[in-house]
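Presented below is the structure to which this report refers.
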Amino acid sequence: MEQSENLLSRINQQYSKLSKGQKRLASYIVDNYDKAVFLTAARLGNKVGVSESTTVRFATQLGYSGFPEFHRALEELVINKLNSIQRMEVTYGRVPQAEILDKVLQADIDKIKQTMESLDHNAFDLAVETLLKAKTIYVIGIRSCAPLAHFLSFYLNLIFEDVRLIQTSSASEIFEQMIRIGEKDVIIGISFPRYSMRTLKAMEFANNRNAKVITLTDSIHSPMNLYSSCNLIARSDMASIVDSLVAPLSVINALVVALCMKKQQDVVDTLESMEKIWDEYQVYSNDEINSVDDTVKLKFTDMGEEDE
Numbered sequence: 006m007e008q009s010e011n012l013l014s015r016i017n018q019q020y021s022k023l024s025k026g027q028k029r030l031a032s033y034i035v036d037n038y039d040k041a042v043f044l045t046a047a048r049l050g051n052k053v054g055v056s057e058s059t060t061v062r063f064a065t066q067l068g069y070s071g072f073p074e075f076h077r078a079l080e081e082l083v084i085n086k087l088n089s090i091q092r093m094e095v096t097y098g099r100v101p102q103a104e105i106l107d108k109v110l111q112a113d114i115d116k117i118k119q120t121m122e123s124l125d126h127n128a129f130d131l132a133v134e135t136l137l138k139a140k141t142i143y144v145i146g147i148r149s150c151a152p153l154a155h156f157l158s159f160y161l162n163l164i165f166e167d168v169r170l171i172q173t174s175s176a177s178e179i180f181e182q183m184i185r186i187g188e189k190d191v192i193i194g195i196s197f198p199r200y201s202m203r204t205l206k207a208m209e210f211a212n213n214r215n216a217k218v219i220t221l222t223d224s225i226h227s228p229m230n231l232y233s234s235c236n237l238i239a240r241s242d243m244a245s246i247v248d249s250l251v252a253p254l255s256v257i258n259a260l261v262v263a264l265c266m267k268k269q270q271d272v273v274d275t276l277e278s279m280e281k282i283w284d285e286y287q288v289y290s291n292d293e294i295n296s297v298d299d300t301v302k303l304k305f306t307d308m309g310e311e312d313e
């Protein structure tokens, strides 16, 4: 058994036997393992409000010879990351079914708060300025990140003239869609654990072509930052089989709003043109309901009466 798996198993097996302070340590480590790995025994204890000696006893309670051996297991955990089943077993194994909704929503709220506290505003401003100067903007996100890439490219298309969403499951097709990328262009790569090698290769290719590279990922230690000149960090990890992408989506929303504010007239002109096209071709005439009012209800009533 790998040390990372062993650490999780030990926490899970010993949890009911831990003191209140030790349980706080266990919960903090499971939820913030990437932060805990940088802390000494004293600082880790301080984070959750227990003494250094309690932290050391916690390590020995889990079966380690001391804090150094426990810390090595924690390092292994960060290197390999937790897979979704492990996280779910460790965290949700202690949560009653009736509390899951509140716990998941609270976890999403916490991720947004953590992102607010840690996001580099200078990096965000640089991303905005870089996109404003771009000739062509490429957006890539694969697997669970694909919806984020679609969402971002949809709104970027309202702001800029040339936005290209890279859509493929084939590495060769990715390069085919990026064949003309150059130094005047920008690529936005979106990837969260488990990271996509195809996304990383696309960013490497763009970097080699001297294009600007912006990444949206979960950590400064993410491999996605290897080729990026601008890193937007948003917390995403969750103890579940479902990736929490609420915080990344909020960062995307902020990015779109900031760009709209910089190009207000262009956005207004685009929307006015689209409204005219929609009206002319009756795009939404039979497909969209603005509100459910008495008129709509009346129509359904009339139809019912006619059937009678």
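With this note's numbering as the guide, the letters of the sequence shown map in order to residues 6 to 313. Glycine included, each C-beta is placed from N, C-alpha and C at the ideal position.
Helix, strand or coil at residue i [DSSP, three-state]
{"i": "G26", "result": "helix"}
{"i": "K268", "result": "coil"}
{"i": "G146", "result": "strand"}
{"i": "N37", "result": "coil"}
{"i": "R169", "result": "strand"}
{"i": "L12", "result": "helix"}
{"i": "V191", "result": "strand"}
{"i": "N258", "result": "helix"}
{"i": "K52", "result": "helix"}
{"i": "I114", "result": "helix"}
{"i": "L250", "result": "coil"}
{"i": "I179", "result": "helix"}
{"i": "L124", "result": "coil"}
{"i": "N212", "result": "helix"}
{"i": "L67", "result": "coil"}
{"i": "K217", "result": "strand"}
{"i": "T45", "result": "coil"}
{"i": "T222", "result": "strand"}
{"i": "I184", "result": "coil"}
{"i": "V273", "result": "helix"}
Rounded C-alpha distance that separates residue i from residue j
{"i": "P101", "j": "R214", "result": "52 Å"}
{"i": "A211", "j": "M279", "result": "32 Å"}
{"i": "S14", "j": "A31", "result": "12 Å"}
{"i": "A244", "j": "N11", "result": "In this prediction, A244 scores a pLDDT of 49, lower than 50, which makes its location untrustworthy; no coordinate-derived value is stated."}
{"i": "S9", "j": "A64", "result": "Its pLDDT being 45, under 50, S9 is placed unreliably by the model, and the measurement read from it follows with that caveat. The alpha-carbon atoms of S9 and A64 are separated by roughly 14 Å."}
{"i": "Q172", "j": "Y33", "result": "38 Å"}
{"i": "M165", "j": "I184", "result": "Note on residue identity: the sequence assigns Phe, not Met, to residue 165. Distance between the alpha carbons of F165 and I184 is about 20 Å."}
{"i": "Y232", "j": "M202", "result": "13 Å"}
{"i": "R62", "j": "Q182", "result": "56 Å"}
{"i": "I105", "j": "K118", "result": "20 Å"}
{"i": "S24", "j": "V251", "result": "33 Å"}
{"i": "W283", "j": "N51", "result": "59 Å"}
{"i": "S255", "j": "L221", "result": "11 Å"}
{"i": "K108", "j": "V35", "result": "14 Å"}
{"i": "I195", "j": "I145", "result": "6 Å"}
{"i": "R29", "j": "I16", "result": "12 Å"}
{"i": "V168", "j": "S177", "result": "20 Å"}
{"i": "V261", "j": "Y69", "result": "49 Å"}
{"i": "L44", "j": "K281", "result": "59 Å"}
{"i": "A259", "j": "V133", "result": "10 Å"}
{"i": "V272", "j": "E285", "result": "20 Å"}
{"i": "A112", "j": "M229", "result": "24 Å"}
{"i": "F129", "j": "E122", "result": "13 Å"}
{"i": "N188", "j": "S227", "result": "First, the amino acid is wrong: residue 188 is Glu here, not Asn. So the alpha carbons of these two residues sit roughly 24 Å apart."}
Residue environment, residue i, which counts as buried when at least 16 other CB atoms sit within 10 Å
{"i": "N127", "result": "exposed"}
{"i": "G54", "result": "exposed"}
{"i": "P253", "result": "buried"}
{"i": "Q27", "result": "buried"}
{"i": "S21", "result": "exposed"}
{"i": "A103", "result": "exposed"}
{"i": "L276", "result": "exposed"}
{"i": "R77", "result": "exposed"}
{"i": "D274", "result": "exposed"}
{"i": "A46", "result": "buried"}
{"i": "D223", "result": "buried"}
{"i": "S56", "result": "exposed"}
{"i": "S175", "result": "exposed"}
Residue i vs residue j beta-carbon contact at 8 Å
{"i": "K116", "j": "S249", "result": "yes"}
{"i": "L131", "j": "C235", "result": "yes"}
{"i": "V42", "j": "E74", "result": "no"}
{"i": "F180", "j": "C150", "result": "no"}
{"i": "M208", "j": "I225", "result": "no"}
{"i": "R199", "j": "T120", "result": "no"}
{"i": "F159", "j": "I257", "result": "no"}
{"i": "T204", "j": "I114", "result": "no"}
{"i": "L124", "j": "I238", "result": "yes"}
Supposed close pair residue i, residue j - CB separation, criterion 8 Å
{"i": "K267", "j": "L137", "result": "6 Å"}
{"i": "F72", "j": "T60", "result": "7 Å"}
{"i": "A139", "j": "D190", "result": "6 Å"}
{"i": "L161", "j": "I142", "result": "6 Å"}
{"i": "T135", "j": "I219", "result": "6 Å"}
{"i": "L67", "j": "Q19", "result": "6 Å"}
{"i": "L110", "j": "Y38", "result": "That pair is no contact at about 22 Å."}
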